[in-house]
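A.B. asks: If you're matching them up, the sequences are chains A and B in order. Its first residue numbered 0, the first sequence is counted upward by one per residue in numbering that gives the first Met the number 0. Its first residue numbered 0, the second sequence is counted upward by one per residue in numbering that gives the first Met the number 0. Attaching a single structure in structure tokens format; questions to follow.
2 protein chains.
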Amino acid sequence: MTTQPREYIADHQSRFQADFFELLRIPSISTDPEHAGSVRAAAEWLRGRMAAAGLRASVEETEGHPLVLGRYDAGPEAPTLLVYAHYDVQPPDPLDAWSSPPFEPTVRDGMVVARGAADDKAQAIIQMGAAEAALATGGLPVNLILLFEGEEEVGSPSLVPYLREHADHLRADHVIIGDSMMFAPGRPSLIFGMRGLAYFEVEIRTGGWDLHSGQYGGAVPNPAHVLAEVIASFHDREGRVAVAGFYDAVAEVPDAWREGWRHLGFDDEAYRRTAGGAPLFGEPGYATHERLWIRPALTVNGMISGYTGPGKKTVLPCRAAAKVSCRLVPDQDPEEIAALFERHVRERVPSGIDVAVTTYQANPPWRADPDAPLFAAAGRALEEAFGTPPVKVAHGGTLPIAREFAETLGAQVAVMGFALPGANMHGPDEWFPLAHLRGGMEAMVALYRELAR
Amino acid sequence: MTTQPREYIADHQSRFQADFFELLRIPSISTDPEHAGSVRAAAEWLRGRMAAAGLRASVEETEGHPLVLGRYDAGPEAPTLLVYAHYDVQPPDPLDAWSSPPFEPTVRDGMVVARGAADDKAQAIIQMGAAEAALATGGLPVNLILLFEGEEEVGSPSLVPYLREHADHLRADHVIIGDSMMFAPGRPSLIFGMRGLAYFEVEIRTGGWDLHSGQYGGAVPNPAHVLAEVIASFHDREGRVAVAGFYDAVAEVPDAWREGWRHLGFDDEAYRRTAGGAPLFGEPGYATHERLWIRPALTVNGMISGYTGPGKKTVLPCRAAAKVSCRLVPDQDPEEIAALFERHVRERVPSGIDVAVTTYQANPPWRADPDAPLFAAAGRALEEAFGTPPVKVAHGGTLPIAREFAETLGAQVAVMGFALPGANMHGPDEWFPLAHLRGGMEAMVALYRELAR
Numbered sequence: 000m001t002t003q004p005r006e007y008i009a010d011h012q013s014r015f016q017a018d019f020f021e022l023l024r025i026p027s028i029s030t031d032p033e034h035a036g037s038v039r040a041a042a043e044w045l046r047g048r049m050a051a052a053g054l055r056a057s058v059e060e061t062e063g064h065p066l067v068l069g070r071y072d073a074g075p076e077a078p079t080l081l082v083y084a085h086y087d088v089q090p091p092d093p094l095d096a097w098s099s100p101p102f103e104p105t106v107r108d109g110m111v112v113a114r115g116a117a118d119d120k121a122q123a124i125i126q127m128g129a130a131e132a133a134l135a136t137g138g139l140p141v142n143l144i145l146l147f148e149g150e151e152e153v154g155s156p157s158l159v160p161y162l163r164e165h166a167d168h169l170r171a172d173h174v175i176i177g178d179s180m181m182f183a184p185g186r187p188s189l190i191f192g193m194r195g196l197a198y199f200e201v202e203i204r205t206g207g208w209d210l211h212s213g214q215y216g217g218a219v220p221n222p223a224h225v226l227a228e229v230i231a232s233f234h235d236r237e238g239r240v241a242v243a244g245f246y247d248a249v250a251e252v253p254d255a256w257r258e259g260w261r262h263l264g265f266d267d268e269a270y271r272r273t274a275g276g277a278p279l280f281g282e283p284g285y286a287t288h289e290r291l292w293i294r295p296a297l298t299v300n301g302m303i304s305g306y307t308g309p310g311k312k313t314v315l316p317c318r319a320a321a322k323v324s325c326r327l328v329p330d331q332d333p334e335e336i337a338a339l340f341e342r343h344v345r346e347r348v349p350s351g352i353d354v355a356v357t358t359y360q361a362n363p364p365w366r367a368d369p370d371a372p373l374f375a376a377a378g379r380a381l382e383e384a385f386g387t388p389p390v391k392v393a394h395g396g397t398l399p400i401a402r403e404f405a406e407t408l409g410a411q412v413a414v415m416g417f418a419l420p421g422a423n424m425h426g427p428d429e430w431f432p433l434a435h436l437r438g439g440m441e442a443m444v445a446l447y448r449e450l451a452r
Numbered sequence: 000m001t002t003q004p005r006e007y008i009a010d011h012q013s014r015f016q017a018d019f020f021e022l023l024r025i026p027s028i029s030t031d032p033e034h035a036g037s038v039r040a041a042a043e044w045l046r047g048r049m050a051a052a053g054l055r056a057s058v059e060e061t062e063g064h065p066l067v068l069g070r071y072d073a074g075p076e077a078p079t080l081l082v083y084a085h086y087d088v089q090p091p092d093p094l095d096a097w098s099s100p101p102f103e104p105t106v107r108d109g110m111v112v113a114r115g116a117a118d119d120k121a122q123a124i125i126q127m128g129a130a131e132a133a134l135a136t137g138g139l140p141v142n143l144i145l146l147f148e149g150e151e152e153v154g155s156p157s158l159v160p161y162l163r164e165h166a167d168h169l170r171a172d173h174v175i176i177g178d179s180m181m182f183a184p185g186r187p188s189l190i191f192g193m194r195g196l197a198y199f200e201v202e203i204r205t206g207g208w209d210l211h212s213g214q215y216g217g218a219v220p221n222p223a224h225v226l227a228e229v230i231a232s233f234h235d236r237e238g239r240v241a242v243a244g245f246y247d248a249v250a251e252v253p254d255a256w257r258e259g260w261r262h263l264g265f266d267d268e269a270y271r272r273t274a275g276g277a278p279l280f281g282e283p284g285y286a287t288h289e290r291l292w293i294r295p296a297l298t299v300n301g302m303i304s305g306y307t308g309p310g311k312k313t314v315l316p317c318r319a320a321a322k323v324s325c326r327l328v329p330d331q332d333p334e335e336i337a338a339l340f341e342r343h344v345r346e347r348v349p350s351g352i353d354v355a356v357t358t359y360q361a362n363p364p365w366r367a368d369p370d371a372p373l374f375a376a377a378g379r380a381l382e383e384a385f386g387t388p389p390v391k392v393a394h395g396g397t398l399p400i401a402r403e404f405a406e407t408l409g410a411q412v413a414v415m416g417f418a419l420p421g422a423n424m425h426g427p428d429e430w431f432p433l434a435h436l437r438g439g440m441e442a443m444v445a446l447y448r449e450l451a452r
């Protein structure tokens, strides 16, 4: 009797864990040019492991850090699944906040503590292990493409050009973005929506130099006052965005989604604590998770004017500036929002005072159909691996590649991950539950089978 | 026939100018510890010149840079005049903005260009020259105290303790603060009021760390939004301060003052250009000079929150802070204003969000009686020297020592200066009209005589 993939996965866990630790020891910090050699070393290591797993593997050069590509061709009748993950990591600073060295994986209570454990090296191990298990036990029933990026933590500058250039070669029916987390311990999740992002800078100038606040205070306009009035006008007192037309294009979601989410047990109190403890605040009529998943938001990310050092300086500033970003939901269009935003700002700046509005980023929101076949198949696969069906949720963040995969490759896209909430992804003592290596691999081999049915 | 003081002054102009240049060559930058030796060298130089002029001169030690004291005793029946000036200067940065080296005095079109020329070394030369001229031509009819400070540009930390400790020794009937400018070329001025200053920092905190704007935007409070609402609430749309009770203690001024000032020809357009060119804006019902001289103001001096570097960062800040200062007029009390301000701020911060209000400085306003004998005498003296009576004005800035001299020494106080508007006092190419050395000395010897009549 041939071995089943689940048995193979179970039998090889200690080697998969050893591989995981080996990968975690490579400090593939993409933001730090001094670590470029480590990033490449990680890519080469991955190519070797992909090849050992039975995939055609290659390191794909870009203008920045390389991608690692692994392929298996099951045949033209089989569906094609592309799985994305990234092998670069955030810097570990501040080092003294770690209880063990960030690039020396340490196991505590079943958790591996290391930089990159959750974000996102566990995914690389899981995806390669699942492919190996399937191939070693009678074959992989889908055309599989593993695409591991080395620039996720620096904004993925090379990924979109690569995708567009190689779209024919990468065409897939389904894409799993393997870079997220479960909803809660024991509760896997599938993410089917991420908000878009329109990011602006507003700059108000009343002159070319700062003035003495005694010689001018009370007699000339103050750009900090003007900017404060503009920012104060962005919301009404209840927390709605007050930019005219901002909500016009927002699509209502099916009642069933909101009803289903009501039973999720989203923990407002725990969420509030992760945010620093202030009382939660947002658009009336929506629960916290709805404010994040299906409602847009406008956020001041930064503002500055005049003197901000210690003590006092009696300056009347000549300039005030703010960074402001909008998280967008379907069917808001970033360009339309940019126009509404700029009009709103300009209407509130008195004539004779210079104002400039710059758009730094404009990404539309992404939302998949949570009832599409990919979600049904992945739902069954996750239930098989974790004993409970996944929750289908959206996410407040922005993942431009989700929409890019969908549009460039013509694929259905889902976001799926095995880390747990509180994994300190960009902080000290990042961790990943060791048992989820196995669960993730089991879910993946089940997904291959479900997609091929 | 004995020489008159005016002749003496005229005859010795070239030496006074040489002295002026010698003093300007000493880089007595009080803010820069590396220049402490130069500050002391300037003090010693002044002591020597005071002694040569016929005064009892001493360098007075403090915890910081020294004061220079010069005295002449005319006798117990003569009135006592104390003249204050300062011999320290601002740093010359940015050096490349100067058209000649800042500590190498250069004459262009009758103007001496050098750091400290206008602020305030011309005063030292004028005051010592006037005393010398009076003593050399038959005597000085007043008890004279020259008090030159070396810490004016660092906030005068030692002056008030020195005054209070030596109040008996420094008791004066009249004090001239020699650190200002004329109203316009050919139009001397006497300043009889300066605004007070209450300087605050407002800090709003929603947590201990910045958050990801995707994972939290729209669901948690944003301290930048809260601070912007607070700042926007400081003024009404027309430009009045909207802090409840802010104007309650403001004293109305005599109609005659406002009527007299209407004929001054305060040049709004020229003032607007010095402010950077934006349209003037302030409290309705008052002219620009009135907004500065007799009306209080509330000014944001600085504000900061979140990310303010280049480009974008999707951060939702945990902290926002602003520096805010109020310029006060009689009879506003800085402590009362601080209480009103703090109440106003606290009422506008939602409960559950931390707010701290810190007071950095609280100086009451100063206003003298412009019809007091000192102003009458100085008015006649200035008219004699410059051919036109001075305008009696107030000033929007704050000069805590004015009130300190009045209260500690029991003196009448006036502020009088001979620089001209646009002298770039803290900027590059600071300048002083050479002819005003002579005019200033003539005014001072006339003032001695007028005070002694």
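Beta carbons: idealized from backbone N, C-alpha and C, even for Gly. All of these numbers come straight from a predicted model, not from anything done at the bench.
(1) Buried or exposed: which applies to Gly421 of chain A, given that a residue is buried once 16 or more other Cβ atoms fall within 10 Å of its Cβ?
(2) Exposed or buried, which one is Gly453 of chain A when buried takes at least 16 other CB atoms within 10 Å?
(3) Does the beta-carbon of Thr397 of chain A have 16 or more other beta-carbons within 10 angstroms, so that it is buried, or is it exposed?
(4) Okay, do the segment 195–209 of chain A and the segment 430–437 of chain A touch, 3+ Cβ pairs below 8 Å being the bar?
(5) Should the segment 84–99 of chain A be called in touch with the segment 114–127 of chain A, which here means at least 3 C-beta pairs below 8 Å?
(6) Starting from Thr79 of chain B, trace the alpha helix (DSSP H) both ways and give me its first and last residue.
(7) At a CB-CB cut-off below 9 Å, which residues of chain B make contact with Lys120 of chain A?
(8) Report yes if the CB atom of Ser304 of chain B is closer than 8 Å to the CB atom of Arg290 of chain B, and no otherwise.
(9) Can you give me the C-alpha to C-alpha distance between Arg448 of chain B and Ala50 of chain B, rounded to a whole angstrom?
(10) What's the call for His173 of chain B, buried or exposed, on a 16-neighbour Cβ count within 10 Å?
(11) Which residues in chain A have a C-beta closer than 7 Å to the C-beta of Arg194 of chain B? List them in chain order.
(12) Between which residues of its own chain and Gly301 of chain A is the CB-CB distance below 6 Å, once the five residues before and five after are set aside?
(13) Express the C-alpha separation of Ala375 of chain B and Ala241 of chain B in angstroms, rounding to a whole number.
(14) My guess is that Gly486 of chain A and His64 of chain A are in contact by the Cβ rule of under 8 Å, so how many angstroms apart are they, rounded?
(15) Compute the distance between the beta-carbons of Leu169 of chain A and Leu408 of chain A, then report whether it is under 8 Å.
(16) In whole angstroms, what separates the C-alpha of Ala445 of chain A from that of Gly244 of chain A?
(17) Under 8 Å Cβ to Cβ from Gly275 of chain A, same chain only, skipping five residues before and after it: list those, please.
(18) At a Cβ threshold of 8 Å, is Leu291 of chain B touching chain A?
(19) Against chain B, which members of the segment 343–366 of chain A pass a CB distance test of less than 9 Å?
(20) Sort A:Ala286, A:Ala218, A:Thr205 by Cα distance to Val225 of chain A and report the nearest one.
(21) From Met443 of chain B to Ala132 of chain B, what distance separates their C-alpha atoms?
(22) Taking CB distances under 8 Å as the criterion, tell me whether Arg261 of chain B reaches chain D.
(23) Would you say Ser324 of chain A faces chain B, with C-beta separation under 8 Å as the test?
(24) What residue ranges within the segment 352–393 of chain A form continuous beta strand (DSSP E) runs of no fewer than 3 residues, ordered along the chain?
(25) So, at 7 Å on beta carbons, what are the nonlocal neighbours of Pro432 of chain A in its own chain, with the 5 sequence-adjacent residues on each side left out?
(26) Note down, in chain order, every chain B residue with its Cβ under 9 Å from the Cβ of Gly462 of chain A.
(27) How far does the beta strand (DSSP E) with Glu148 of chain B in it reach, from first residue to last?
(28) Measuring alpha carbon to alpha carbon, tell me which residue in A:Leu450, A:Ala451, A:Met440, A:Arg452 is nearest Gln12 of chain A.
(29) Note down, in chain order, each residue of its chain lying with its Cβ closer than 8 Å to the Cβ of Pro283 of chain A, except the 5 sequence neighbours on either side.
(30) Taking 8 Å as the threshold (C-beta atoms), are Pro104 of chain B and Ile28 of chain B in contact?
(31) Is the CB of Pro313 of chain B under 8 Å away from at least one CB in chain A?
(32) Have a look at B:Ala40, B:Pro93, B:Arg48, B:Ala130 and flag the residue whose alpha-carbon is nearest the alpha-carbon of Leu81 of chain B.
(33) Starting from Ser98 of chain A and walking both ways along the beta strand (DSSP E), at which residues does that stretch end?
(34) Measuring alpha carbon to alpha carbon, tell me which residue in A:Lys311, A:Ala320, A:Leu139, A:Asn362 is nearest Ser324 of chain B.
(35) If you drop the 5 nearest sequence neighbours on each side, which residues of the same chain put their C-beta closer than 8 Å to that of Ala35 of chain A?
(36) Using the beta-carbon of each residue, which ones in chain B are nearer than 7 Å to Ala296 of chain A?
C.D. replies: Taking the structure as given:
(1) Taking all protein chains shown into account, Gly421 of chain A has fewer than 16 neighbouring C-beta atoms within 10 Å of its C-beta and is therefore exposed.
(2) Residue 453 of chain A lies beyond the range of chain A shown here (0 to 452); nothing can be said about it.
(3) Thr397 of chain A comes out buried.
(4) No, because fewer than three Cβ pairs between the segment 195–209 of chain A and the segment 430–437 of chain A fall closer than 8 Å, the two stretches do not touch.
(5) In short, these stretches touch, since the Cβ pair count reaches three.
(6) Premise fails: Thr79 of chain B lies in the beta strand (DSSP E), 79–85, not in any alpha helix (DSSP H).
(7) Under the 9 Å cutoff, chain B gives no residues; its nearest Cβ is about 20 Å from Lys120 of chain A.
(8) No. Outside cutoff.
(9) Each residue's alpha carbon lies about 22 Å from the other.
(10) Looking at its Cβ environment, which holds 16 or more other Cβ atoms inside 10 Å, His173 of chain B is buried.
(11) At a C-beta separation below 7 Å, Arg194 of chain B has these neighbours in chain A: Gly213.
(12) Sequence-distant partners of Gly301 of chain A (beyond 5 residues in either direction) whose C-beta falls short of 6 Å from its own C-beta, in its chain, are Lys322.
(13) In a straight line, the C-alpha of Ala241 of chain B is about 39 Å away from that of Ala375 of chain B.
(14) Because chain A spans 0 through 452 in this model, residue 486 of chain A falls outside it and cannot be assessed.
(15) Taking a C-beta distance under 8 Å as the contact criterion, Leu169 of chain A and Leu408 of chain A qualify as a contact pair.
(16) Taking the straight line joining both Cα atoms gives about 46 Å.
(17) Here the set comprises nothing.
(18) By this cut-off, Leu291 of chain B is an interface position.
(19) Taking 9 Å as the Cβ-Cβ cut-off against chain B, the residues of the segment 343–366 of chain A that qualify are Pro349, Ser350, Gly351, Ile352, Asp353, Tyr359, Gln360.
(20) Selected option, being the one with the closest Cα: A:Thr205.
(21) Straight-line Cα distance between these residues: approximately 10 Å.
(22) Chain labels in this structure do not include chain D; the protein chains are A and B.
(23) Interface residue, yes.
(24) Runs of the beta strand (DSSP E) inside the segment 352–393 of chain A: 353–362.
(25) The answer, listed in chain order, is Gly109, Met110, Leu419.
(26) The structure shown does not extend to residue 462 of chain A, since chain A spans only 0 to 452, so no value can be given for it.
(27) For Glu148 of chain B, the uninterrupted beta strand (DSSP E) run begins and ends at 142–148, by DSSP.
(28) Looking at the Cα atoms, A:Met440 is the closest of the given residues.
(29) The residues are Glu237, Gly238, Arg239.
(30) The answer is no: Cβ separation not under 8 Å.
(31) The residue you asked about is not Pro; residue 313 of chain B is Thr in the sequence shown. By this cut-off, Thr313 of chain B is an interface position.
(32) Comparing Cα positions, the closest option is B:Ala130.
(33) Premise fails: Ser98 of chain A is in no beta strand (DSSP E) and is neither H nor E.
(34) Ranked by Cα distance from Ser324 of chain B, the options A:Lys311, A:Ala320, A:Leu139, A:Asn362 are led by A:Lys311.
(35) Counting only residues of its own chain and dropping the five nearest sequence neighbours on each side, Ala35 of chain A has a CB closer than 8 Å to the CB of His64.
(36) Those within 7 Å of Ala296 of chain A in chain B are Gly216, Gly217.
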